[in-house]
Amino acid sequence: MLAVTDPPRHTAIKRQIIGCFTPATVAAMEPQIRLLARRMFVPGLDGQVFDLAAQTAVFPIAITALLMGIDPAHWHRLRTFAYVAIADQDPDVTSGRRDHALEWSHSEIFSYFAGELANKPAARADLIGAIANATVDGCPLSQQEMLFNSYSVLLGATVTTSHAANVAVLALAENPGADERWRATGCTDTLVEEVLRWSSPANHFLRHATRSIEIAGTTIRAGDPVTVWLGAANRDEEVFERPYDFDVNRDPRAHIAFGVGAHRCIGAPLARLALRVFAEETRDLVESFEIAGPVDHLASNFIAGIKRLPVRVRLKRNGATALAGLTPLNDDAGERGQRWERAITR
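Numbering (my numbering), first residue to last: -3 to 342.
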């Protein structure tokens, strides 16, 4: 996988698939992403409490489907297995059967992509086609490499952006002053960067030191494994003033929510677009949010996420008009989520 492969092989593969993430390619997806974002607020039309996290959970898989050419019929199933793969510690995700769920999730995801890669992948104009057509030193990627990189993109996209969106709503609801400042100034790009810093959905990455060095009195030897905790780095007092304040006017360009260097997240432009569109639709459709019950966090040592976010929204007049006739993004919002056993049978 790109995530665990270093240059020059990492660079050679990345260079051939990054075309799916260019500004022009990403910008062309904006109308579809905007409609997806709008549909997340449909359950709030009647003024009842609904689980926003159930809606946002589908948002990134729907966007990933646009990128990878995934049939909408498979959205919920793949999203279910992606969550098992990154949060098998959470009994809600695995139905309390962690050993079986993790094995099945990997099997199902790889089986799905094996089928997609067997279906004339070279002729596809999507990300799966780009992976299938990639070569290194004139040689095509192995079947394993194609499967692992398809898997990696699915997980990286599906289980991160939704949590940043949830945290944005929670942070604004808990900080009315920040919500007012953001709406008054329209600083959506700055809000997105602060949300990324504040949420840091990917908890950590492991790397190996290329040379010996001393940091803060600790000696790290060449070859030592080092875990970088992104949430901690994004609250570094030496980099950010008042790091434990959510500040929509902050200039947070130093955050490393997407990583740094060669392994910087390839999907960062698409994630930023998705969050900007989500913020703009929130501002245009919703007058205010009320957190209407306990907020439950995902039990995962890899993803800092929210799995249940009960809210009541007060829509603007034009918001109700804009949502009329649309269907919720997640039709299973009334359930605790799709159990992985049910997903297997679909």
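Built from N, CA and C at the ideal position, the CB exists for glycine as well.
All figures in this text were calculated on a predicted structure; none of them were measured in a lab.
Counted as a single uninterrupted DSSP element, the alpha helix (DSSP H) harbouring R177 occupies residues 172 to 181. Put simply, the backbone Cα of D67 is about 15 Å away from that of T154.
In the DSSP assignment, V307 falls within the beta strand (DSSP E) that extends over 306 to 311. Following the DSSP letters along the chain, one finds L32 inside the alpha helix (DSSP H) bounded by residues 26 to 35. Counted as a single uninterrupted DSSP element, the alpha helix (DSSP H) harbouring H96 occupies residues 94 to 113. Cβ-Cβ separation between G40 and V309: approximately 4 Å, consistent with a contact (criterion under 8 Å). In the structure shown, T215 falls within a strand segment according to DSSP collapsed to helix, strand and coil. In its chain, beyond the 5 residues on either side, S195, P197, I299, A300, G301, I302 have a beta carbon closer than 7 Å to the beta carbon of H159. Within the same chain, M64, G65, F109, E112, L113, P117, S146 come within 8 Å of I124 by CB-CB distance, once the 5 residues on both sides are set aside. Around the beta-carbon of A69, fewer than 16 other beta-carbon atoms lie within 10 Å, marking it exposed. When beta bridges are read from the DSSP output, E189 appears opposite no residue. Within the same chain, and ignoring the five residues on either side of T7 in sequence, the residues whose Cβ sits closer than 8 Å to its Cβ are A258. Pairing I287 with A126 gives a Cβ-Cβ distance that is not under 8 Å. Closest option to L281, judged by alpha-carbon separation, among G315, A264, H251: G315.
With fewer than 16 other CB atoms across the displayed protein chains lying within 10 angstroms of its CB, V0 is exposed.
Under the Cβ criterion (8 Å, minimum of three pairs), the stretch 258 to 271 counts as touching the stretch 46 to 60. Annotation: E283 to V22 spans about 29 Å, alpha carbon to alpha carbon. When rounded, the separation of the alpha-carbon atoms in Q139 and N115 is 13 Å. Around F106, the same chain offers L143, Y147 as residues with beta carbons nearer than 8 Å, after the five sequence neighbours per side are excluded.
DSSP places D280 within a helical segment (H, G or I) once states are collapsed to three.
In the three-state reduction of the DSSP assignment, D88 falls in the helix class, which pools H, G and I.
Counting the other Cβ atoms within 10 Å of the Cβ of R73 gives 16 or more, which makes it buried.
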